[in-house]
Amino acid sequence: MSTLDISPAKPLPPPRPPSRLRRILDSDIFWSWTQSPVAVGATVVALTLILVALFAPLIAPYDPFNPATLTLMDGFTPPASKSAFSDNWFLMGADHQARDVLSTIMYGSRVSLFVGVMATLFAIVLGMGLGLAAGYSGGMVDAVIMRIADIQLSFPAILIALLIFGVAKGILPANQQESLAIWVLILAIGLANWAQFARTVRGATMVEREKDYVAAARIMGVHPVLILFRHILPNVLGPVLVIGTIGLALAIIEEATLSFLGVGVPPTQPSLGTLIRIGQQFMFSGEWWILFFPAVTLVLLALSVNLLGDWLRDALNPKLR
Amino acid sequence: MTEPLLSVRGLTVEFPTRHGILTAVEDISFDIMPGEVLGMVGESGAGKSMTGNAIIGLIEAPGRIARGEVWLNGQRIDSLPPEAMRAIRGRRIGMIFQDPLTSLNPLYRISDQLIETIRTHLPLSQDAARKRAIGLLDDVGIPDAARRIDDYPHQFSGGMRQRVVIALALCAEPDLVIADEPTTALDVSVQAQIIDVMKELCAERGAAILLVTHDMGVIAETADRVAVMYAGRLAEVGPVRDVILAARHPYTAGLMGAIPRLGENLVRLNQIPGAMPRLSAIPPGCPFNPRCPRVMDHCRSHRPALSPIEPARKVACWLYPEVTEA
Amino acid sequence: MLAFIIRRLAQSALVMLFVALIAFVIFRYVGDPISSMVGVETRLEDREIMRERLGLNDPVIVQFARFIGNALQGEFGISYRLQQPVTELILSRLPATIELAFASALIALVVGVVLGVYTALNPRGYFSSGIMAVSLIGVSLPTFLIGIGLIYLFAVELGWLPSNGRGEVVDLGWWRTGLLTESGLRSLILPAITLSLFQLTLIMRLVRAEMLEVMRTEYIRFAKARGLTRRAINFGHALKNTMIPVITITGLQLGSVIAFAIVTESVFQWPGVGSLFVTSVRDVDVPVMAAYLMFIALIFVLINLVVDLLYFVVDPRLRAGKGH
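Sequence order for the protein chains is D, Y and U. So the first sequence is numbered by my numbering: it starts at 78 and just counts up by one. So the second sequence is numbered by my numbering: it starts at 444 and just counts up by one. So the third sequence is numbered by my numbering: it starts at -11 and just counts up by one.
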């Protein structure tokens, strides 16, 4: 039968307005940021907590880890009240060792953030390196790296981190365990989280590798490392930033969980997780503030970073917009 | 004169969007007589499928029927409560979808889908429904129907699946079948067979067909009358033969000009310049005026209504003095 | 189909071998197996004799083969800390973890599917938006904090439920269950909820996304055009198609639930394998760590296999289709 198709008079795609073309990525993202109250709120909360942690030694009302400044009788002073035995006043109360809870939180956030950021950076560097290698070289290298990533991703990160922590503890000499604990923790959390980055970077690399300009560079004899850095790396930074932000929230939670389980940072350098572990002991006896305030801080920190990551993912992914 | 089976009056379908309300179908009216085949033709996005969906009450939110009425056998059906409308779908109006590969549920056996539909509408036992289902598959030309009925959709070819879709549309003996581009997704070699099966079965059962397509060839061979849509409006309605041989609306004429014909010393095939406007940018006056070879000043500011110019023919174009303003 | 199963089995064996290698390395090289078995006063010569007798001087590959041979017989050595065979230790604590994990998986699956279907069918409702917002906050909260919060509310403030332990257990000989006593069941509630929340959110979001996807398909529109009832469409056609990916993920999540139990068990002092693992990490009890790793890997691999087989049962395209 003769088909007389009248449909193909397809309209041309509408021309893009030039202003949008000229608009650089940053301003686009910034605009979408101003449009999202959740993102603005999360940024404010996260920034506040980060600044407080950074400047803890300057702004903390007490130095909670200097025994000389502690008056043991101040222990268990409730929030927003003056100690019955000294002139010390505690906004968030004092704990069983007479430490100011607010000050321990400020110093604790420092430890939590430090471990979280360092572990995430470690995971990014490791994951990106292996992901680029796997995606660019393909073949056996790719197969081995991605199989290991697959296996690891099917286990919860906390299990991996615990295992690595246990192994490190078994290997390190006993007298150095305390001083190296933070670095072991960073290593454990970083190793537990690299696979996600590797998977994303590998995917993006494989897409970029097939493009003509990369092929051209390869034919011209440009060194693979240079190709990776100049052409491929910039294209994977967006997704890495998104996973990195969400990964930071995860790393903070993982650190808190490990410290809560008593296998994390040493008690002399308490993180938020350690403080919660301590506070939990006083939950039944009524001194709720020792537990409550560190818990709220941890929730705010993890939630705000996570919401930021969520927003970033939507903002950078034009498909969802 | 008999009463029309389906009567659409002033139907308007709107989609509220961030940028204002888009009108996908505006003020269209037409009738379908019992047993008649009405072809509805137009470019993609002209609103043909939307019209079919509006009649059967399946406009997806946030779209809605803003104005107009749809009457089936003297009963108004556009304002029925959902449950009453559901009972009409499948029972009195059957629908055939475009792509047989996606319109059957891959996880259900053919028998399950047929029997479920039959028993939803007819008071039959499981066994009686199954017998009826096998009979239907036989009718649509599926060989060895009694055995194949328990197969899953993926075990059939595209053409065979479209036969199953036709069986599903007809399984409760509807008075009207809306066929939305029933052959577009099929191989050219099976298109004619599917159209034949559909037309024959509907004729046997006395069911009317609203055949929505952009394929003039299918319309010419199948339909009794044709309705031409452009930018959400009806441009012309009339008997197929008359419209093909003597189009009245310049748009229809353009369509027909694109059909090569023997015995005419046409220098080249006629193509309509430009493209159909987007729904958000329909020009004032006659929507076709920017592309029309016979455009007049009047066309740019006044919108023509679909008006009768001859017995059984209607057109919306200022070239004809009988045409009134919309 | 048979070829597919064989390929899956081979893959699983490879994964197990890989995990076994890691477990072996931990088992063999973290700490000194001899010094954890004997006292400080044992002489160097005696240690060397023991070393020889235990085969610690054999080539690594022989030791690895012996490790796998032992593992296949369920032999993982003696716990340094508790001086008990590791396998016995794990088996005695397994019922507690399995009961907890299944209770949580059940809660997560039932509530997750119900909420997911509800939010998909009423995407614009206030209740739906509320659930979605809460679920976003829910995934950002550390599990142990949720546990502490529940303990504070239901055990400390309201005093309705116990805060730790398993309550009274009944010994069935090979299985000590807490499901047969009232205190056992009451003790199960809080940890099971805590453990389920994360998976619950996952399942809910997955069901919602899949169902929204399915509701947009042509076959659902065709089902509507045929006048099928809302119930037949929503809970027959749509739900059945939604459940295929949900089954995979939920199945795979069961393994995660058992592994995630590490944290929940510690918060509620639940006497399962998870808390055993945490204490063994804290005390560097290497045989327990290695055995736990193998045990969790085995569970993951088994669950993966079962999920693959389930796929065949549910999806006729795979069952009848050639190849995969």
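Heads up, the beta-carbon is just placed ideally off N, CA and C, and yes, glycines get one too.
{"Item": "Nearest CA to the CA of His275 (chain D): which residue from D:Glu287, D:Ile320 and D:Ala328?", "Value": "In the sequence as displayed, the identity of residue 275 (chain D) is Ala instead of His. Of D:Glu287, D:Ile320 and D:Ala328, the residue nearest in Cα terms is D:Ile320."}
{"Item": "Could you give the DSSP three-state label for Lys288 (chain D): helix, strand or coil?", "Value": "coil"}
{"Item": "Would Ala247 (chain U) be called buried (16 or more neighbouring beta carbons within 10 Å of its own) or exposed?", "Value": "buried"}
{"Item": "What are the start and end residues of each continuous alpha helix (DSSP H) run of 4 or more residues lying completely inside the segment 28 to 112 of chain U, in chain order?", "Value": "32 to 41, 48 to 60 and 74 to 109"}
{"Item": "Helix, strand or coil: how does DSSP classify Gln357 (chain D) here?", "Value": "helix"}
{"Item": "For Ile101 (chain D), I'd like the list of residues in its chain whose CB is within less than 6 Å of its CB, leaving aside the five on either flank, ordered along the chain.", "Value": "For Ile101 (chain D), the pLDDT reaches just 48, beneath the cut-off of 50, and the residue's location in the model is therefore unreliable, although a value from the coordinates is still provided. Answer for Ile101 (chain D): no residue qualifies."}
{"Item": "Below 8 Å on the Cβ atoms is my contact criterion, and I expect Tyr68 (chain U) with Val302 (chain U) to pass it. Report the Cβ-Cβ distance as a whole number of Å.", "Value": "Tyr68 (chain U) to Val302 (chain U), Cβ: 46 Å. No contact."}
{"Item": "Could you check the C-alpha separation between Ala635 (chain Y) and Thr626 (chain Y) for me, to the nearest Å?", "Value": "8 Å"}
{"Item": "Using the Cβ count rule (16 or more neighbours within 10 Å means buried), how would you classify Val158 (chain U)?", "Value": "exposed"}
{"Item": "How far does the beta strand (DSSP E) with Ser472 (chain Y) in it reach, from first residue to last?", "Value": "Gly463 to Ile475"}
{"Item": "Please name the residue or residues paired with Ser450 (chain Y) in a DSSP beta bridge.", "Value": "Y:Asp474 and Y:Trp514"}
{"Item": "Here's the rule I'm using: 16 or more other beta-carbon atoms within 10 Å means buried, otherwise exposed. How should Thr460 (chain Y) be labelled?", "Value": "exposed"}
{"Item": "Is it true that the CB of Ile715 (chain Y) sits closer than 8 Å to the CB of Gly697 (chain Y)?", "Value": "yes"}
{"Item": "Is any beta-carbon of chain Y found at less than 8 Å from that of Asp46 (chain U)?", "Value": "no"}
{"Item": "When the Cα of Glu364 (chain D) is compared with those of D:Ile136, D:Ala123 and D:Asp172, which residue comes out closest?", "Value": "D:Asp172"}
{"Item": "When burial is assigned at 16 or more other CB atoms within 10 Å of the CB, is Ser362 (chain D) buried or exposed?", "Value": "exposed"}
{"Item": "Just the chain Y side, please: which residues come within less than 7 Å of Thr205 (chain U) by C-beta, in chain order?", "Value": "Thr545"}
{"Item": "Going by other Cβ atoms of all chains shown within 10 Å of its Cβ, with 16 needed for buried, is Pro259 (chain U) buried or exposed?", "Value": "buried"}
{"Item": "Going by alpha carbons, who is nearest to Ala180 (chain U) out of U:Ile208, U:Ile37 and U:Leu242?", "Value": "U:Leu242"}
{"Item": "For a contact meaning CB atoms closer than 7 Å, what does Ser244 (chain U) contact in chain D?", "Value": "Pro233"}
{"Item": "Does any CB atom of chain U fall closer than 8 Å to the CB of Val129 (chain D)?", "Value": "no"}
{"Item": "For the 8 Å Cβ check, are there 3 or more pairs between the segment 524 to 544 of chain Y and the segment 605 to 622 of chain Y?", "Value": "yes"}
{"Item": "Is any beta-carbon of chain D found at less than 8 Å from that of Arg270 (chain U)?", "Value": "yes"}
{"Item": "Have a look at Leu310 (chain D) and Leu146 (chain U) and give me their C-alpha separation to the nearest angstrom.", "Value": "55 Å"}
{"Item": "Could you spell out where the beta strand (DSSP E) holding Ile536 (chain Y) opens and where it closes?", "Value": "Ile536 to Ile539"}
{"Item": "Suppose the cutoff is 8 Å on Cβ atoms and the five residues either side in sequence are ignored; what does the same chain contact list for Gly309 (chain U) look like?", "Value": "Confidence is the limiting factor: at Gly309 (chain U) the pLDDT is only 48, short of 50, which leaves the residue's position unreliable, though a coordinate-based value still follows. So no residue of the chain qualifies."}
{"Item": "Using a Cβ-Cβ cut-off of less than 9 Å, list which residues of the segment 208 to 230 of chain U approach chain Y; keep chain order.", "Value": "Ile208, Arg209, Phe210, Ala211, Lys212, Ala213, Arg214, Gly215, Leu216, Thr217, Arg218, Ala220, Gly224, His225, Lys228 and Asn229"}
{"Item": "How would you list, in chain order, the residues of chain D whose beta-carbon sits under 7 Å from the beta-carbon of Ala180 (chain U)?", "Value": "Simply none; closest approach about 18 Å."}
{"Item": "The segment 618 to 634 of chain Y: which residues have C-beta closer than 7 Å to a C-beta of chain U, in chain order?", "Value": "none"}
{"Item": "Return the residue from the list U:Val99, U:Lys228, U:Leu160 and U:Gln(-1) that minimises the CA-CA distance to Ser184 (chain U).", "Value": "U:Val99"}
{"Item": "Cβ closer than 9 Å: which chain D residues qualify as neighbours of Ala247 (chain U)?", "Value": "Phe232, Pro233, Ile235 and Leu236"}
{"Item": "Within the continuous alpha helix (DSSP H) that includes Leu327 (chain D), where are the two ends?", "Value": "Leu310 to Phe337"}
{"Item": "Please check if any C-beta of chain D sits within less than 8 Å of the C-beta of Ile284 (chain U).", "Value": "yes"}
{"Item": "Just how far apart, CA to CA, sit Arg270 (chain U) and Tyr213 (chain D)?", "Value": "40 Å"}
{"Item": "Asp303 (chain U) touches chain Y at which residues, Cβ-Cβ below 9 Å?", "Value": "Pro549 and Leu550"}
{"Item": "Please report how far the alpha carbon of Ala759 (chain Y) lies from the alpha carbon of Pro730 (chain Y), in whole angstroms.", "Value": "10 Å"}
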